[in-house]
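Residue numbers (this note's numbering): -19 to 121. A virtual CB, placed ideally from N, CA and C, is assigned to each residue, including glycine. These notes concern the structure reproduced below.
Written out as structure tokens, the structure is:
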């Protein structure tokens, strides 16, 4: 049964605004969040069919330490490419300030048949309650 909203974003402030808003307005859905492409891609391999919505950022920050090794968090394009090889199961909302990378993500997903919309972040996390919430409502209603 599809009951999960998956979010990719590396900024804790964004995730701390998105997850509670989703739980408040859509308590019937489970929210899962990832801050890197390899982890969400691994999760999607087993759980894509449970998704009612996927939200993707592009830039996921610099390499970081993980278990004592250098870890590359990848980008939202890595996830878009992964999803483009899958049968579309839900809408996708892209939220990134990277205007150079955004069109490629959208094209890869739409070319594979995914329904994609875009929200432009602005003013820290203000956009989440003002425009992202409306986009989520539009695709989940």
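Residue environment, residue i, which counts as buried when at least 16 other CB atoms sit within 10 Å
i	result
residue -18	exposed
residue -11	buried
residue 67	exposed
residue 37	buried
Close beta carbons around residue i, own chain, < 8 Å, minus the five adjacent residues each side
i	result
residue 49	none
residue 31	-18, -16, -15, -14, 24, 69 and 70
residue 29	-18 and 69
Residue i versus the options, residue with shortest Cα-Cα distance
i	options	result
residue 42	29, 31 and 16	16
residue 77	-9, 121 and 46	-9
residue 24	8, 0, 70 and 7	70
residue 101	31, 115 and 92	115
residue -4	45, 110, 105 and 28	105
Inter-residue Cα distance where the pair is residue i and residue j
i	j	result
residue 52	residue 62	16 Å
residue 54	residue 40	7 Å
residue 79	residue 98	11 Å
residue 84	residue 111	22 Å
residue 94	residue -6	24 Å
Chain-order list of residues whose beta-carbon lies under 7 Å from that of residue i (same chain, five-residue window excluded)
i	result
residue 20	-14, -12, 14 and 59
residue 96	72, 74, 86, 89 and 90
residue 6	120
Beta-carbon contacts of residue i that lie in its chain and below 6 Å, excluding the five residues immediately before and after
i	result
residue 2	-15 and 11
> Quick one: complete beta strand (DSSP E) runs, 3+ long, within the segment -7 to 20?
Replying inline: 10 to 14
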